[in-house]
Structures are given as C-alpha cells and as structure tokens.
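Each protein sequence line maps, in turn, to chains R and F. Each residue of the first sequence is one higher than the last, beginning at 1 in this note's numbering. Each residue of the second sequence is one higher than the last, beginning at 1001 in this note's numbering.
2 protein chains.
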Amino acid sequence: VIEPTRLSLNQATVKALSLPDAIDACVAAGISSIGVWRDRLAETGVAEAKRLLDAAGLRVSSLCRGGFFTAADAHADNLAALAETAALDADVLVLVSGGLPPGSTDLAGARARVADGIAALVPRARELGVRLGIEALHPMFCADRCVVSSFGEALALAERFPADTVGVVVDTYHLWWDAAGPDLIRRAGARVFSYQLSDWHVPLPADMLLGRAHVGDGSIDFRPMTDAVIAAGYTGDVEVEIFNERIWAAPAAETIAKVQQGFTAAMTSN
Amino acid sequence: VIEPTRLSLNQATVKALSLPDAIDACVAAGISSIGVWRDRLAETGVAEAKRLLDAAGLRVSSLCRGGFFTAADAHADNLAALAETAALDADVLVLVSGGLPPGSTDLAGARARVADGIAALVPRARELGVRLGIEALHPMFCADRCVVSSFGEALALAERFPADTVGVVVDTYHLWWDAAGPDLIRRAGARVFSYQLSDWHVPLPADMLLGRAHVGDGSIDFRPMTDAVIAAGYTGDVEVEIFNERIWAAPAAETIAKVQQGFTAAMTSN
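What follows is the structure, given as structure tokens:
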C-alpha cells in the first residue's frame, strides 16, 4: 500500500494551468506534492514559484526535465535545470536522454553521448545536492526522443555514478511491458528516485506521446511495479503524470478528482 | 556479410499480390526464397502452392503465422498451421503470441497461457519435424497483439523447450532499440530460427503496425544485429518484411527492386 498522502500531481496532467493555478488546484484538492515543469516554471519565475510553493505547503516531487544530451546546447541548459531543481528543493531532476540526431543511425554513439553528458553534470549536481533521475522512455520513442529505452539500461547507466546523486525513474507507462522490470526495480533499491503513474490505453492516438490514460483506465497491472518500488525502499512521493489531449481539455478539478480516485484504487490494492 | 542469395521476400511486403503472383515476382527478380502468409496460402491451397513453389525452385523461409494463444480457438488453428508448415517444408512457423484478452490487465497470466500454448504444440511439431520460432514484437504492441515483448523474454521462453524445435525470430524492427539485443542473439546461438529485416521511420503513422520502412530508409543500424546473427551461426535465409501502406500501393516490381538494393547495402556493409 502507498498512502494517498504520497500522491503528487505532475503538472503535465493539468497542462492548461499555469504553475500558480496548479498550486492552487493542489491545495483545493488536498494534494500536498507537485511535479513541476520547467516551461511553466519559467513563466512564473523561480523565486516567485518557490514563494508560492512554500506558502501552499507543497513538496516538489520532481522538476521535469533535463537531458536531451544529443542536442547541441544541452550542457548549459542542464546546468540551468540543476540550479532550478536546487532552488525549488525538488526531490529529483528528471532526465530524458534525447533521441538520435536527425539522419543518424548511430544508436551506440548517441548512448555514449548521453553517458558523457550525465558525467559532465554530476560534479555540479553534487555541489548543489541535486539528485538526477534517469528516465527510460518506452522503446517506441527511441529514435526521436530517448535513446535510453529500457529500465535495465537506465539502471546500468545510473550505476556508473554515485548512488546518492544518480538514480532512475520508474514510470509505469514506459515500463509495464518489461518482464524483467520488477526484479530490476528491486535491484535498483535506493537508486529509485521517482515513481510515476499513468495507464496504457489501446489504440494509441496518432501522436503516441499523448496516449496515456488515467490510472485504472488501461492495460496496466500496477501491482507488480508498486510491490517492487516498495521493496526497493522508496518512500518518496508518487506522481500521476498523464499526457492526453482529451484529459487536458477536461476541467482541471474533474481531472484531479479522477487522479485521486485512480491513485487510491491502484495504490491500495496491494 | 550476408550474401544477396540469402534474401527472402516476405510476402507481406508485396501485400497486393496473390501467392502465385508473388512467386512469379520472386522468379522474375532472381530471388530464391519466400516467406509465405497463411491467408494467401489458403486462397491458393496448400497442394497447389507447394507445386508452384517447387516448380519455381523457391525455398520457403517461413510460414507466417501461428500463435495468438490468448484467443479461444488458438490450439486447433495452430495445429493446422503446423501441418501447413510441414507441407510446404518451410524453415519455421513464426509464432506471434497475441495480446491481453479484452479488458484484462493480467499480463503475467497472459504470458503463462502463451507458454502453455507452445508446450501443447511441441509434441506435434516434433512429429512433423516443424520448427517453431517465437517472435517478440515491439513493446508498443504488448497490450493488443503480442505479450512477448522483448527478445530476452522470447529466448527465455524458447529455452524451456528442445533446441531443435523451439527457437526465436530476430526482427530488426522489433528489436533495434534493445541495448541487450546483440548479446542475447549471440547467446541464442542455434535457437535463431529466422532473421527478418525492416527499418524504423519516424514519425510513425497513426496505425503503428504500418510504420515500417525499406531497409536503409530509417533509424536502424543493422550491423550490430547482423553481426550477432552471424556469430550465432545462423545460415538460413534472411527475410525483408515491410508493412507500409505507401509501399503496398507501389508497383510490386519497384518494391522488390528497392528491397534487393536495401538488402544488399545493409547486409554487405559489415
């Protein structure tokens, strides 16, 4: 069982809301943790955002996101993301690796660049006390978005670095199909820095990025992954993060109520 | 290097052609092997198909396909597929496992049914001298088409059965993202029963099934997988199998010429 008090609303789930409005919505719904996105953070400004978050008494479960190491200006942008993560006292900076450079088929080379890019961030992350969470995206995003395509690969990458600084993100949408997933999560232990929930609904829409469903509305059995996250010793907040045009078009309060119902049903069935 | 003489045209690549027409097209192009689909085989009839294949001097690299073990009538249909494979003297019967039953989230249960379904086929396969090739589909098809979602999972499943009867299919489209793929292919050794090629092109179309590209037109580096297939000792035919509406709409002779060019370029670059 993961208690409903550990629910964090990832801001992407209520994409239409500004950060101040998302903070207010969390407070209104009795949610005490939020996952923040950098584009919305930039609109509000880091100092004002921190003031609003503190006034609301919200924990920041993650900052989304850094990475995209195969892009030219990645390092400078990631240093800025580290500073923002520290300023918000967020639990983790989520790293999505980026895909293949346009026209390239050099997957091994892209993966090497990701490893080098993370290595270049680790010293500054340690100075700031920021934790980096490597997120493997579903393999269907390997070419264009994230060459880190499996949880096992993300974990092997994290294990090259100090365990208090570099860990992994467990995201049910990206990982649910992986027969090796639960065992790998257990093995990750204290390297599990984040646990994110959404469901897989078929058929996927034309834009595969937006195919996520409310927890409980799709094909995923959350129990094996949740059991493994608990066994790994993870005690942090658990985010619901849903990218879905239809859900984005719904009233935020309705979406949040559904998030709370889905979370409670899935996280207390173990 | 894999010689061009080992190219097999999987019939799905020229979907508009009947089996007799596909056979003629192979002969016209100097291709000496074909992968046959059961729907087209049924139109022609097994005996007539065998006569035409022999007259043309074509090898049959695979029969596509059996499996779908999570459906109610799977066993009887798979027994029929075994008989057809034997009658055509095809190298392998390709097994695609089937997805989750409608409304189900019991992935572990579905996978157990697949294992049971294969076990039930093995005695008859051995009597007939038919080899069963388990194909892991890309994880994006896990819910609705194939719960065997990684090459490692397919191999572990095959390894429960005699090595001369149950093996695995290496398909670049489904496997290319997997960092563990090449090592697992090497480990599979004589269990590699088939090698199938197509490329991954982004963005995928709305129907993800139809997103495959001609070899060389997408994001895949074929060398690591080809090297591993060679190291595994595989000496059979190598199929090009492409599902793509645009390619299906092109003249078959044009498609086949492009298949031959792509195959030769990719298979002789090692």
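Positions of the beta carbon are idealized from the N, C-alpha and C atoms, including for glycine.
inquiry  = Since F:L1019 and F:A1025 should fall inside the 8 Å C-beta cutoff, what is the C-beta to C-beta distance between them, to a whole number of angstroms?
reply    = Not confirmed; about 11 Å, so no contact.
request  = For F:L1009, I'd like the list of residues in its chain whose CB is within less than 6 Å of its CB, leaving aside the five on either flank, ordered along the chain.
outcome  = Around F:L1009: C1026, I1031 and I1034.
query = Taking only beta-carbon atoms, is F:W1248 less than 8 Å away from chain R?
reply = No, its Cβ sits nowhere closer than 8 Å to a Cβ of chain R.
inquiry  = Can you find the residues in the same chain that come closer than 8 Å, C-beta to C-beta, to F:L1210, ignoring five residues on each side of it along the sequence?
reply    = If we look at F:L1210 and ignore the five residues flanking it on each side, its Cβ neighbours are F1243, N1244 and E1245.
Partners in chain R for F:P1139, counting only beta-carbon separations shorter than 8 Å = Under the 8 Å cutoff, chain R gives H138, P139, M140, W177 and D178.
key: Contact set between the segment 1220-1246 of chain F and chain R, restricted to residues whose Cβ is under 8 Å from the partner   = Listed in sequence order: I1220, D1221 and P1224.
Residues bridged to R:S194 [DSSP beta-bridge criterion] = DSSP output for R:S194 lists R:V169 as bridge partner(s).
ask   = Could one say the Cβ of R:G152 lies closer than 8 Å to chain F's Cβ atoms, at least one of them?
value = Put simply, the CB of R:G152 is near chain F, with a gap under 8 Å to one of its CB atoms.
request  = Answer with yes or no whether the minimum CB distance from F:W1200 to chain R is below 8 Å.
outcome  = Closer than 8 Å to some Cβ of chain R, the Cβ of F:W1200 qualifies, so yes.
ask   = What residues of chain R sit near F:A1143, judged by a beta carbon separation below 7 Å?
value = Ordered by position in chain R, the residues that pass the 7 Å Cβ test against F:A1143 are W200, V202 and S219.
Spatial neighbours of R:M208 in its chain, beta-carbon cut-off 7 Å, leaving aside the 5 residues before and after = Beyond the five residues adjoining it in sequence on each side, R:M208 comes within less than 7 Å, by CB distance, of M140 in the same chain, given in chain order.
query = With respect to the alpha helix (DSSP H) encompassing R:I220, which residues constitute its N-terminal and C-terminal limits?
reply = No alpha helix (DSSP H) contains R:I220, which DSSP labels as neither H nor E.
inquiry  = Counting C-beta neighbours from all protein chains within 10 Å, is the total for R:P182 16 or more, i.e. buried, or is it exposed?
reply    = The C-beta of R:P182 has 16 or more other C-beta atoms within 10 Å across all chains shown, which makes the residue buried.
message = Would R:D237 and R:R51 qualify as a contact pair, given that the criterion is a beta-carbon distance under 8 Å?
response = At a Cβ-Cβ threshold of 8 Å, R:D237 and R:R51 do not count as neighbours.
task = Give the interface partners of R:M208 over in chain F, defined as CB-CB distance under 7 Å, in chain order.
result = Ordered by position in chain F, the residues that pass the 7 Å Cβ test against R:M208 are L1204.
task = With F:L1209 as the anchor, note down where its beta strand (DSSP E) starts and where it stops.
result = Here F:L1209 belongs to no beta strand (DSSP E), and DSSP marks it neither H nor E.
query = Are the beta-carbon atoms belonging to F:L1107 and F:V1147 less than 8 Å from one another?
reply = It is a contact, given that the beta carbons lie within the stated cut-off.
request  = Would you list, in chain order, the members of the segment 1086-1110 of chain F that have their beta-carbon closer than 7 Å to a beta-carbon of chain R?
outcome  = Per Cβ criterion, the list reads L1100, T1105, D1106 and L1107.
request  = Pick out the complete beta strand (DSSP E) segments inside the segment 107-140 of chain R, 3 residues or longer, and give them in chain order.
outcome  = Those beta strand (DSSP E) runs which fall completely within the segment 107-140 of chain R and span 3+ residues are 132-135.
CA-to-CA distance, R:I23 to R:L53, given in whole angstroms = One C-alpha to the other measures close to 7 Å.
key: Pick from F:Y1195, F:R1160 and F:V1122 that is closest to F:E1135, judged by C-alpha positions   = In this structure, F:Y1195 is the residue among F:Y1195, F:R1160 and F:V1122 with its C-alpha nearest to the C-alpha of F:E1135.
inquiry  = Can you find the residues in the same chain that come closer than 7 Å, C-beta to C-beta, to R:F69, ignoring five residues on each side of it along the sequence?
reply    = Around R:F69: S97, G98, R113, V114 and G117.
request  = Can you tell me which of R:R191, R:R111, R:G103 and R:G218 puts its alpha carbon nearest to the alpha carbon of R:P203?
outcome  = Looking at R:R191, R:R111, R:G103 and R:G218, the one whose alpha-carbon comes closest to that of R:P203 is R:G218.
request  = Pull up the DSSP beta-bridge partners for R:D199, would you.
outcome  = Under DSSP, R:D199 forms a beta bridge with R:A213.
inquiry  = At the 8 Å Cβ level, is F:S1149 part of the contact set with chain R, yes or no?
reply    = Closer than 8 Å to some Cβ of chain R, the Cβ of F:S1149 qualifies, so yes.
Beta-ladder partner(s) of R:E239, from DSSP = DSSP output for R:E239 lists R:S8 and R:Q196 as bridge partner(s).
ask   = CA-CA distance, R:A42 and F:D1091?
value = Spanning the two alpha carbons is a distance of roughly 59 Å.
Nearest-angstrom beta carbon gap, R:A87 and R:V46 [assumed within contact, 8 Å] = Indeed, because the Cβ distance is near 5 Å, the residues count as touching under 8 Å.
Whole-angstrom C-beta distance between R:H174 and R:H138, which should lie under 8 Å = Rounded, the Cβ-Cβ distance is 4 Å, consistent with contact.
query = Taking C-alpha atoms, which residue in R:F151, R:A163, R:E153 and R:L155 lies nearest to R:G129?
reply = When R:F151, R:A163, R:E153 and R:L155 are compared, the shortest CA-CA separation from R:G129 is found for R:A163.
task = Could you have a look at F:R1065 and say whether DSSP puts it in helix, strand or coil?
result = Three-state DSSP puts F:R1065 in a strand.
task = Run the CB neighbour count on R:P123, radius 10 Å, all protein chains shown included, and call it buried at 16 or more, exposed below.
result = Counting other Cβ atoms within 10 Å of its Cβ, R:P123 stays below 16 and is therefore classed as exposed.
query = How is R:W37 classed by DSSP in three states: helix, strand or coil?
reply = The DSSP-derived three-state label of R:W37 is strand.
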